[in-house]
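> My structure is below; once you've seen it, I'll send some questions.
There are 2 protein chains.
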Amino acid sequence: MPEHTVSAFDTELVKLDDELMQMGHLAVAQVSAAVETMVTRDAATAERLIEQDAELDRLDAEIEHQSISLIARRQPIAQDLRRVVAAMRIAHNLERCGDLAKNIAKRTLATAEAEPLVALTTIERMGQLVASRLNDVLEAHNANAVEPALAVWRRDKEVDALYDNAFRELLTYMMADPRTITAAAHLLFVAKNLERIGDHATNIAELVQYRVTGEAVPGSGRPKWDALAKRDEA
Amino acid sequence: MPEHTVSAFDTELVKLDDELMQMGHLAVAQVSAAVETMVTRDAATAERLIEQDAELDRLDAEIEHQSISLIARRQPIAQDLRRVVAAMRIAHNLERCGDLAKNIAKRTLATAEAEPLVALTTIERMGQLVASRLNDVLEAHNANAVEPALAVWRRDKEVDALYDNAFRELLTYMMADPRTITAAAHLLFVAKNLERIGDHATNIAELVQYRVTGEAVPGSGRPKWDALAKRDEA
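Protein chains in written order, with this note's numbering: chain A, 33 to 266; chain B, 33 to 266.
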C-alpha cells in the first residue's frame, strides 16, 4: 500500500476519534446541566437542553456513517478495525446518555409546578458522580489508557449503591407524605436514568479495553466479541 | 463479479435475515413471557427468562460481527448496504427489548413478597399490545413490506396513551394506600419498560422503511441517514 494511502487512513481515524471526543464532551455537559436544571428548577435551561440533544443524534449518525464507510473502503483489520467498531459503539452509548439527559430535562418541566422536590441532594450527588465517571472514561479513551478505563468499570457499584439509596429515600418520602408522590415518581426515573448513564460509562470502559487490547474485561463473563454488546441492565 | 460470488453474497444476506428473524421471535417471546410472570407472579419462570436473555445478547453480537465482516469483504452499496446496516441496527433494538423484558422479570422477583399487586390489568394489556406490535413489525420486515411497518409506526401513540394511563393509575393507588407504594414503584418501571419496547418497535418500523426505500419515515423530521439513529425517548 503506498505511503500516502496509509496516511490518509490514519487521518480518517484521527478525525473519527476527534468527533467522538467532541460528542463525548457534549454528552457530559448535557448530563451535568440536566441534573442542574432539576436541582435549581430551571425550566428555561431544561428546554434549551432538550433542543440541544439533536446535536448528539446528529453526531452519532455521522460517526456511524463514517465508520461504515471506512470499513467498506479500507477493510481495516485487527487494531484498526477494533478502533472503528469501538468508535461506532461508543457513539451509540453517548447518544443514549444524551437521551437519558434529555429525559431528565423533560422531568424538570413535568415537575415545575410540584411541591418542593425531595431527595434532591442525593440526585445531585448521583449526577455529579456519573458525569465525572463519564468524563474519566472519555479521558481514558483519549489517552488510549486501559487502566483508568478499568478503574471506572470497577467503581460502577458505587453508582448502583447510590441508586439503591435514592430509590429507598424516595419511597420513604412517598410513604410519609402522599403529596410528594407525583414528584417523587418522576425523581425515581431521574435516579434510574443516572444509574443507566453510569452503565453506559461502564460499557465505554469495556470498549476502551477492547479497542486497545482486543480483550473483554476480566470477570465480565463475556467472550471477546461480546465485549461489544451493551450491558444488559434496563 | 463472477456469478458464484454474487450468489454467495445473497446467501450471506439471507442467512443474516434468518438470524435476525430468529432473534426477533425470541425477543417477542421474552417480552410476552416476562409480562406474564408479573401478572401470574411466577418467580420460577421469571428466573428462567432472566437466564435466557443471554441468547439475545449472543445473537446481537453475532449479527453485528457478520454485518461488519460482510461490509468489509463485499463493500455492498445502495440497497445491499442498507440491508446489512438495517439488520445490525434492528438487532441492537431487539437486544434492548430483551434487556427490558429481563428487567421486568427481575421486578417479578423483587415484588414476589409484596401485597397483592395493583394495575395488573393495565400492565397486561400494555404487554400484549407491545408484543403484538413488535411481532407485526418483524412480519413486515420479513415480507419487505413498508406499509405494514408504517402502520406500526403510526400507532405508537396508542402505546404512549396506555403508558400515561398506567402512570396515573399507579400514582392513584399509591396515594390511596401507602402499602402499595413499593410494588407500584416497581410497576411504574415495568410500564415504562413496555413503553420503550413500543419505541423500539417504532425504530424497527423506520429501519424497514429505510432498508426498502432508503427514505426516512415522512414527518419523522429526520434526514435520510438519521433514520438509522435511535428514537430519542429514554
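Here a beta-carbon is modelled for each residue, glycine too, at the ideal position from N, C-alpha and C.
Between A261/B and chain A, is the shortest Cβ-Cβ distance under 8 Å, so that the two count as touching?
Any reading at A261/B must be qualified, since the residue scores a pLDDT of 37, below 50, and its modelled position is unreliable; the value itself is stated next. Yes, A261/B lies at the interface with chain A (some Cβ there is under 8 Å from its Cβ).
> Can you tell me whether E96/A is buried or exposed? The criterion is at least 16 other CB atoms within 10 Å of its CB, across all chains shown.
With 16 or more Cβ atoms within 10 Å of its Cβ, E96/A is classed as buried.
> Determine the closest residue to A163/A out of H232/A, A93/A, A76/A and A248/A, with distance taken between C-alpha atoms.
Checked all of H232/A, A93/A, A76/A and A248/A; the closest Cα to A163/A is H232/A.
> Checking 8 Å against the spacing of the C-beta atoms, do A151/B and L202/B come in under that value?
Yes, the pair counts as a contact, with Cβ atoms nearer than the cut-off.
> Residues in the same chain with beta-carbon distance under 7 Å from A198/B, minus the five sequence neighbours each way, listed in chain order, please.
Cβ neighbours of A198/B beyond the five flanking positions: A151, T154, I155, M158 and A223.
> Counting only beta-carbon atoms, is L141/B nearer than 8 Å to chain A?
So no, L141/B is outside the interface.
> Applying the criterion that 16 or more other CB atoms from any shown protein chain within 10 Å of the CB defines a buried residue, is S39/B buried or exposed?
When all chains shown are included, S39/B counts as exposed.
> Whole angstroms are fine: how far does the CA of A93/B sit from the CA of D258/A?
Bear in mind that a pLDDT of 37 at D258/A, under 50, signals an unreliable position, so the number given afterwards is only what the model happens to contain. Each residue's Cα considered, the two are about 6 Å apart.
> Mind checking whether V1/A and V240/A have CB atoms under 8 Å apart?
Outside the shown range of chain A (33 to 266) lies residue 1/A, about which nothing can therefore be said.
> With C-beta atoms as the reference, is A119/B less than 8 Å away from L48/B?
Contact flag set, yes.
> Rounded to the nearest angstrom, what separates G246/B and I122/B at their Cα positions?
If you take the alpha carbons of G246/B and I122/B, they lie about 15 Å apart.
> Going by C-alpha to C-alpha distance, which of L81/A, F221/A and H173/A sits closest to E238/A?
For the residues L81/A, F221/A and H173/A, the minimum Cα distance to E238/A belongs to H173/A.
> Going by DSSP, what residue range makes up the alpha helix (DSSP H) through A75/A?
Counting along the chain, the alpha helix (DSSP H) containing A75/A begins and ends at A75 to R106.
> Taking the alpha-carbon positions, what's the R106/A to D112/A distance?
So the two alpha carbons sit approximately 10 Å from each other.
> Whose C-beta lies closer than 7 Å to the C-beta of E44/A among residues of the same chain, with five residues either side of it excluded?
Excluding positions up to five away in sequence, the list reads L102.
> For my contact list, P180/B and E171/B are in at a C-beta cut-off of 8 Å; report their separation, rounded to the angstrom.
About 7 Å; that satisfies the 8 Å criterion.
> Find out if the Cβ-Cβ distance for the pair Q54/B, L88/B is shorter than 8 Å.
No; because the gap between Cβ atoms is not below 8 Å, this pair is not in contact.
> For the stretch 104–134 of chain B, which residues have a CB atom closer than 7 Å to at least one CB atom of chain A, in sequence order?
Within the stretch 104–134 of chain B, the qualifying residues are A104, Q107, V117, E127, D131, L132 and K134.
> To the nearest angstrom, how far is the alpha carbon of S64/B from that of T72/B?
Using only the alpha carbons, I get a separation of about 12 Å.
> Against M206/B, what residues of chain A qualify as contacts under a CB-to-CB distance less than 7 Å, listed in chain order?
Residues of chain A passing the Cβ test: M206 and I213.
> Starting from A217/A, find everything on chain B with Cβ-Cβ shorter than 7 Å and list it in chain order.
Within 7 Å Cβ-Cβ: L203 and L220.
> For T69/B, which residues from the same chain have a beta carbon less than 7 Å from its beta carbon, with the 5 sequence-adjacent residues on both sides left out?
If we look at T69/B and ignore the five residues flanking it on each side, its Cβ neighbours are T77, A78, L81, A137 and T140.
> Which residues in chain A have a C-beta closer than 8 Å to the C-beta of K224/B? List them in chain order.
Here the neighbours are F221.
> Could you check the C-alpha separation between T204/B and F221/A for me, to the nearest Å?
Cα to Cα, the separation comes out at about 18 Å.
> So the candidates are A146/B, V178/B and L194/B; which of them puts its Cα closest to the Cα of S213/B?
According to the sequence displayed, residue 213/B carries Ile and not Ser. Ranking the options by Cα distance to I213/B, first place goes to A146/B.
> Could you list which residues in chain B have their beta carbon closer than 9 Å to that of P148/A, in chain order?
Residues of chain B passing the Cβ test: none, with the nearest at roughly 18 Å.
> Nearest by alpha-carbon distance to A129/B: which of A248/B, D196/B, R243/B and I236/B is it?
Sequence inspection shows Cys at residue 129/B; the Ala mentioned does not correspond to that position. The residue with the shortest Cα to Cα distance from C129/B is I236/B.
> If you measure from the beta carbon of I236/B to each beta carbon in chain A, is any gap under 8 Å?
By this cut-off, I236/B is not an interface position.
> Buried or exposed, going by whether 16 or more other CB atoms sit within 10 Å of the CB of V67/A?
Buried, since its Cβ has 16 or more Cβ neighbours within 10 Å.
> Indicate whether A104/B and H218/B have their beta-carbon atoms separated by less than 8 Å.
No, the pair does not count as a contact, with Cβ atoms beyond the cut-off.
> In whole angstroms, what is the alpha-carbon distance linking A86/B and D131/B?
If you take the alpha carbons of A86/B and D131/B, they lie about 9 Å apart.
> State the CB to CB distance for the pair P210/B and M207/A, rounded to an integer number of angstroms; the pair is presumed to be in contact (CB under 8 Å).
With a Cβ gap of about 5 Å, P210/B and M207/A count as contacting.
> For the stretch 92–104 of chain A, enumerate the residues whose C-beta is nearer than 7 Å to any C-beta of chain B, in chain order.
Going along the stretch 92–104 of chain A in chain order, one finds D92, A93, E96, H97, I100, I103 and A104 with a Cβ nearer than 7 Å to chain B.
> Helix, strand or coil: which one does DSSP assign to S252/A?
Annotation note: pLDDT 49 at S252/A (below 50); position unreliable, no value reported.
> Less than 7 Å separating the Cβ of L219/A from some heavy atom of the ligand PLP?
Summarising the ligand content, the structure contains no ligands, and the ligand PLP is consequently not present.
> Use the C-beta contact count for N176/B: other C-beta atoms within 10 angstroms, 16 or more gives buried, fewer gives exposed.
By the 10 Å Cβ count, N176/B comes out exposed.
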